[in-house]
Every structure is written in C-alpha cells, then in structure tokens.
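In terms of the working numbering, the sequence shown opens at residue 185 and continues consecutively.
All C-beta atoms in this analysis are idealised placements derived from N, C-alpha and C, irrespective of residue type, glycine included.
Please read the structure below before turning to the comments.
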Amino acid sequence: MKIGWTADRAALHKQRMLNILALASTVLAATPGNAGGISAVDVRDDRVVVRFDDSVEGASAFLLDGPRRIALDIAGAQAGRGRYAGSSAAIAAVRQGQLTEGTARIVLDLAAPTMLGDPQIAPDGKSLSFLLQGVSDTRFRTAVGQGRLRFDAPADMSARPQKRIHSITVPIPPVARGVSLPPIEGARDGARPLVVIDAGHGGHDPGAINPENGKREKDVTLAIAQAIRDQLIRSGRVRVALTRDDDRFLVLQERYGIARKLNADLFISIHADSAENGEAHGATVYTLSETASDREAARLAARENKVDIINGVNLGGQSGDVSSILIDLTQRESMNISANFARLLQREAAPYVPFRSAYHRFASLMVLKAPDTPSVLFETGYISNAEDAAFLASREGQQSIARGVTRAIEVHFARKLAMRDGGSGG
Ligand code: ZN
C-alpha cells in the first residue's frame with residue numbers, strides 16, 4: 185500500500201489541496217487529542233468499514249476527479265499498518281497517509297464513478313463506515329469539489345437521548361454559520377404572519393440542469409422566490425423574507441435555521457424537479473415524513489438532501505456545540521399544518537400552475553426539518569422537461585406560480601385567523 189502524492193497530481197490539485205489543508209487545520213484546531221491508528225479497511229458488499237485501534241474524533245470525506253478518488257480525512261487518527269480486506273468493483277486501490285500531525289487521510293482510488301452515503305461513526309469512535317453508491321459520470325463530476333460529507337463525531341452520538349417512539353432528534357446548528365438574517369418585508373405590522381421563502385440551491389450548487397437549454401434550477405428558484413415575495417409585499421397581508429436574494433450557497437440547515445430564527449409561521453422551499461424521462465412534467469408539493477410515500481419521493485429526497493451531504497462544509501459550529509432537540513408533539517402539529525397547506529397550495533395554484541395527478545408526496549427532506557415551522561417543499565415543475573423549463577424560466581411562468589402561491593398563503597392565514605376568532609367566540 186503506497187503512500188504519498190505524485191508531483192503532477194499535487195500541481196493539478198494545488199488550489200484544492202490548499203483548501204483542504206485549510207479545512208484540515210480547522211478540524212485539527214477544534215479537536216486536539218489522542219490518535220487511533222488505522223487498523224483495517226474492510227469492504228463488504230457496498231459498505232466500507234474503517235477500523236482504528238483507539239477512538240478517533242471525527243471524519244469527513246470528499247470526492248476528487250482526474251483520476252476519480254474518494255478522500256477520507258480522519259481527525260485523531262494515525263496512518264500506519266492498516267490492511268485492506270475484501271473487494272469492491274468500485275475500488276481500484278486503497279492508500280493512506282498522514283495529512284497533518286493529527287489527521288490521517290485514506291484515499292480510495294475508484295474504478296467507476298462512486299459517491300458515498302450513510303456515513304457513520306461507531307459510538308465508541310473505533311470504527312467508521314459508509315456505503316459506496318454508483319452514480320453517473322455527470323453526477324460524479326457535479327459532486328466533485330462541492331465540499332465535504334461529515335461523519336457525526338462519536339461524542340455527539342453518545343450524548344444523544346435515547347430514541348423514543350414518535351420522537352426523533354434533529355441537530356440544530358447553534359447559529360447559522362455567520363449567515364446574517366435577511367430583511368423582513370411586506371406588512372409593517374409585526375403581528376402579521378411571517379412567511380419565509382427559500383430559493384433552492386445557489387452558489388456552487390446549480391441544482392438540476394436541463395441538458396438541452398442549460399436552464400439551471402438555482403436560477404429559476406431564485407426568480408420564482410423573488411416573484412412570490414414581490415406579490416406578497418403587494419398584497420400587504422403577511423410579512424415575508426427570503427433565505428437568499430442572490431446567487432449564494434446555503435446549507436439546508438441554514439435555510440430552515442433562518443425560518444426558525446425569524447420565528448416564521450410558514451416556510452416554503454422552492455425547487456424544480458428533474459427526471460431521466462423528459463416527458464415527466466408538472467408540479468408536486470412535498471411535506472415531511474420519516475418514510476417516503478413512494479420510491480420516487482425517496483429518490484427525490486436523496487437527491488435534494490445530497491446537496492447538503494456533499495456541500496455540507498458547515499465548518500462554523502460543527503461537532504461539539506451542535507445541540508440536539510427532542511421533537512415530539514410540536515413536530516406532529518407542524519406536520520399536520522404542512523400537509524393541510526400542501527393541499528391548499530394545489531387547490532389555489534392549480535389554475536395557474538400545472539400539477540401532477542399525485543401532487544402531494546411525503547419524504548424525509550432535510551430542509552423541512554424545522555420542528556416548529558410548518559414547511560413544504562414545492563417542486564414547481566420539471567426543469568428536465570422542455571415545456572416546464574420554458575414556463576419556469578419565463579417571467580409569465582414565474583408570475584403565475586407566484587400568484588398561485590400568494591393565494592394559497594392568503595387563504596391559509598385567513599383560515600387560521602377565522603379558527604382563532606371562532607374559537608374565542610368572536
Ligand atoms: Zn432542488
């Protein structure tokens with residue numbers, strides 16, 4: 185097992201390596217301490233297990249191209265005599281080296297485009313594992329250079345409360361990584377409901393791209409979010425804020441983190457779908473559920489959540505100070521309100537936006553996991569479909585969608601108000 189980097193590779197990836205070193209030193213600074221020697225790299229089926237002779241502190245992984253590799257940086261680990269056992273068609277070779285004093289790097293040379301999923305560190309910190317997932321060439325290239333997949337720090341896992349029936353724990357970032365809160369616009373009256381509109385993707389993450397006309401999801405989501413905001417401001421009945429008002433990247437937790445910080449009454453994440461089948465078209469509303477309503481919904485969740493997994497460079501408040509909150513009744517109430525709003529959105533927006541027949545689906549979407557904010561993810565149409573893409577990218581299309589969403593929002597809060605007044609006998 186050869187260790188080290190050739191000069192030309194180093195030159196090819198000079199900038200990336202500088203970034204990596206900067207990242208690695210951040211990890212190191214945050215987590216000094218003991219070192220677990222790498223004792224084995226086992227590959228069984230599609231799961232890779234890395235074992236250490238002592239606990240490690242944390243790990244992250246990222247993808248490199250030319251040649252294709254998965255790099256795994258493990259804080260608190262020492263490269264050494266670890267052996268590689270098992271085999272996988274996806275892996276051509278396994279190498280390891282010492283990146284810095286406290287961080288070991290394992291490199292998997294790939295035989296085929298492969299991403300990793302389901303990252304886990306054992307509670308005792310003595311092993312970590314992940315799945316190898318074969319992907320298309322294009323998907324791999326998109327994912328390269330987009331940041332790191334973080335493995336949970338083992339300390340976090342032992343600190344988590346025991347799982348109870350009907351409760352799940354969700355890590356909440358202490359403060360969105362230096363992300364300043366957006367301005368609140370619309371109604372001046374602070375008692376009016378606040379709606380946070382989230383334009384999906386952005387910055388280095390383009391989202392789905394139409395292969396023919398090059399239309400990018402991140403551009404249409406921003407234009408639609410802005411159109412919705414403008415109409416809500418004109419209607420004057422609610423207050424409104426955008427998670428992003430320009431072409432920038434936010435991790436998923438920052439998006440719902442903004443809604444929670446602002447104490448939003450409703451969170452709508454705007455996206456555009458994509459499918460291999462260019463015929464697929466129409467809008468879908470997704471709400472949160474731990475189990476997906478169907479395979480397509482599961483695939484969509486995997487795709488939308490991956491943005492964060494791959495891009496989740498969430499360096500600011502990583503590991504130690506990430507607190508967990510227990511979600512129980514609040515979450516269920518939010519989920520009910522979200523589902524009601526999803527149905528309302530279809531009813532009110534259908535005259536303006538073509539919907540799919542199965543328009544309401546459920547999936548475990550990270551961006552919807554604010555426990556106390558009713559949230560929906562609105563896939564406004566298929567960017568992979570020529571007609572939908574033209575609609576989504578046109579000013580008229582964006583205005584139509586905004587009209588439908590605005591109407592649904594108005595009815596939603598009018599109902600809430602009526603219920604409240606009715607309840608108090610007024
Ligand atoms: Zn999306």
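Notebook entry, point to check: Fully enclosed by the region 550-594, which beta strand (DSSP E) runs are 3 residues long or longer?
Noted result: List check, beta strand (DSSP E) in window: 559-566.
Check: Taking Cβ positions, are residue 466 and residue 536 nearer each other than 8 Å?
Finding: Taking 8 Å as the Cβ cut-off, residue 466 and residue 536 do not qualify as a contacting pair.
Margin query: Below 7 Å, is the gap between the Cβ of residue 455 and the nearest heavy atom of the ligand ZN?
Written below: Yes, Cβ of residue 455 sits closer than 7 Å to a heavy atom of the ligand ZN.
Next item on the list: Could you say which of 559, 429 and 308 lies nearest to residue 365 if we only look at CA atoms?
Entry: Restricting attention to 559, 429 and 308, the CA atom closest to the CA of residue 365 is found in 429.
Next item on the list: Classify residue 226 as helix, strand or coil using the three-state DSSP reduction.
Entry: The answer is strand: DSSP assigns residue 226 an E or B state.
Next item on the list: Determine contact between the region 538-554 and the region 591-599, defined as no fewer than three beta-carbon pairs at a distance below 8 Å.
Entry: No contact exists between the region 538-554 and the region 591-599.
Next item on the list: For residue 260, verify whether its CB is less than 7 Å away from any heavy atom of the ligand ZN.
Entry: Residue 260: no, Cβ never under 7 Å from the ligand ZN.
Next item on the list: Can you give me the start and stop residues for the beta strand (DSSP E) that residue 440 sits inside?
Entry: That residue, residue 440, is in no beta strand (DSSP E); its alpha helix (DSSP H) goes 436-445.
Check: For residue 456, which of 568, 483, 239 and 551 has the nearest alpha-carbon?
Finding: Answer by Cα proximity: 568.
Check: Distance, Cα to Cα, residue 402 vs residue 431?
Finding: Answer to the nearest angstrom: the Cα atoms are 8 Å apart.
Next item on the list: In the DSSP assignment, find the beta strand (DSSP E) that holds residue 471 and state where it starts and stops.
Entry: Where residue 471 is concerned, the enclosing beta strand (DSSP E) stretches over 467-472.
Margin query: With a threshold of 6 Å on Cβ separation, who are the neighbours of residue 601 within its own chain once the five nearest residues in sequence on each side are excluded?
Written below: For residue 601, where only same-chain residues beyond five positions count, there are no Cβ hits under 6 Å.
Note to self: Quick check on the DSSP output: the beta strand (DSSP E) that includes residue 256 runs from which residue to which?
What the structure shows: 253-259 is the span of the beta strand (DSSP E), which, as asked, contains residue 256.
Notebook entry, point to check: Assuming residue 449 contacts residue 378 under a Cβ cut-off of 8 Å, what Cβ separation, rounded to an integer in Å, is found between them?
Noted result: Confirmed, Cβ separation roughly 5 Å.
Next item on the list: Indicate whether the contact test is met: 3 or more Cβ pairs, each with one atom in the region 328-336 and one in the region 281-293, closer than 8 Å.
Entry: Counting Cβ pairs under 8 Å, fewer than three are found: no touch.
Notebook entry, point to check: How is residue 497 classed by DSSP in three states: helix, strand or coil?
Noted result: Because residue 497 sits at a pLDDT of 37, beneath the cut-off of 50, its placement in the model cannot be relied upon, and the point is left open.
Margin query: Determine whether the beta carbon atoms of residue 324 and residue 252 lie at a separation below 8 Å.
Written below: Taking 8 Å as the cut-off, the Cβ atoms of residue 324 and residue 252 count as close.
Margin query: Short of 8 Å in beta carbon distance, which residues of its chain neighbour residue 293, apart from the five on each side in sequence? Order them along the chain.
Written below: These residues qualify, in order along the chain: 251, 252, 253, 275, 276, 277, 278 and 279.
Margin query: Within 10 Å of its beta-carbon, does residue 604 have 16 or more other beta-carbons around it, so buried, or fewer, so exposed?
Written below: Classification of residue 604: exposed, given that the 10 Å Cβ count is below 16.
Next item on the list: Measure the alpha-carbon distance for residue 424 versus residue 411 and round it to whole angstroms.
Entry: Between the C-alpha atoms of residue 424 and residue 411 there is a straight-line separation of about 12 Å.
Note to self: So, under 8 Å CB-CB, residue 240 and residue 220 are touching, yes? Tell me the CB distance rounded to an integer number of Å.
What the structure shows: Taking a contact as a CB-CB distance under 8 Å, the pair residue 240 and residue 220 counts as one, their CB atoms being some 5 Å apart.
Item checked: In DSSP terms, what residue 382 is bridged to -> 453.
Next item on the list: Could you tell me the boundaries of the alpha helix (DSSP H) in which residue 406 lies?
Entry: In this chain, the alpha helix (DSSP H) harbouring residue 406 covers 401-419.
Check: What does a CB cutoff of less than 6 Å around residue 478 pick up in its chain, not counting 5 residues either side in sequence?
Finding: Taking residue 478 as the centre and dropping the five residues before and after it, the same chain places no C-beta closer than 6 Å to its C-beta.
Check: So, using beta-carbon positions, are residue 243 and residue 312 closer together than 8 Å?
Finding: Result yes, Cβ atoms of residue 243 and residue 312 sit closer than 8 Å.
Notebook entry, point to check: Is residue 384 near the ligand ZN, judged by its Cβ being under 7 Å from some heavy atom?
Noted result: In this structure, the ligand ZN has a non-hydrogen atom nearer than 7 Å to the beta-carbon of residue 384.
Note to self: Between 523, 464 and 437, which has its C-alpha nearest residue 471's C-alpha?
What the structure shows: For the residues 523, 464 and 437, the minimum Cα distance to residue 471 belongs to 523.
Note to self: Using DSSP's beta-bridge definition, name the partner residues of residue 299.
What the structure shows: The partner list for residue 299 (beta bridge, DSSP) reads 317.
Notebook entry, point to check: Cβ of residue 435 within 8 Å of Cβ of residue 526?
Noted result: No, the Cβ-Cβ distance between residue 435 and residue 526 is not below 8 Å.
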